[in-house]
Amino acid sequence: MSFKIDIHPSNTLRITYSGKITKEEIDSVRVNARTMVKANKLEYILVDLRKAMLDVSEMDLFNIASSQKKVYGNINKTAIIYTEGRHSHHDLMMYAATANSKGFRVKLFKNGSEASKWLKF
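The sequence shown runs 993 to 1113 under the working numbering.
Here it is as structure tokens:
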């Protein structure tokens, strides 16, 4: 697995994953991302999964989604870009529904331009 974390001028944290992603790797990325969010007072996150393969159980996704608000307290919106067929739409929908129910606003997208529009940059 590899990832890139950077900050877009629109006050958005961008996380781009590639390769196989495990729960442990997501946890590691979240520690780094949380530091950047807090230090830079960021409001949005854009996660790009198009070049990645999730190797995470539904229960792990549920637990990650349930804790997002606690990890990234001041984030207003999170957009996730994914590739249908490569990722389980059902699993990602469950993740988004769980995060949204816990007060962490998440929306799924199949292309970057739609995600950017929703995040307004």
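Virtual Cβ for every residue (Gly too), placed ideally from N, Cα, C.
In whole angstroms, what separates the C-alpha of alanine 1044 from that of serine 1010? Here residue 1044 refers to the residue found at position 52 when the sequence shown is read from its first residue. Here residue 1010 refers to the residue found at position 18 when the sequence shown is read from its first residue. Per the coordinates, the alpha-carbon of alanine 1044 lies some 4 Å from the alpha-carbon of serine 1010.
Histidine 1082, enclosing alpha helix (DSSP H) - first and last residue: The residue given as residue 1082 occupies position 90 in the sequence shown. Note, histidine 1082: alpha helix (DSSP H), 1081 to 1093.
Hey, is the stretch 1085 to 1103 in contact with the stretch 1013 to 1028, meaning 3+ C-beta pairs nearer than 8 Å? no
Need the endpoints of the alpha helix (DSSP H) that glycine 1011 sits in, please. Indexing the sequence shown from 1 puts residue 1011 at position 19. Note, glycine 1011: premise wrong, no alpha helix (DSSP H); beta strand (DSSP E) at 1004 to 1013.
Just mark phenylalanine 995 as buried or exposed, buried being the case when its beta carbon has 16 or more other beta carbons within 10 Å. On the sequence shown, residue 995 is found 3 positions in, with the first residue counted as 1. Phenylalanine 995 is buried by the Cβ-count criterion.
Straight-line Cα distance separating phenylalanine 1101 from serine 1049: Position 57 of the sequence shown holds residue 1049. Position 109 of the sequence shown holds residue 1101. Cα to Cα, serine 1049 sits roughly 21 Å from phenylalanine 1101.
When you compare the CB positions of isoleucine 1037 and threonine 1014, do they come within less than 8 Å of one another, or not? Counting from 1 along the sequence shown, the entry for residue 1037 is found at position 45. Counting from 1 along the sequence shown, the entry for residue 1014 is found at position 22. Contact flag unset, no.
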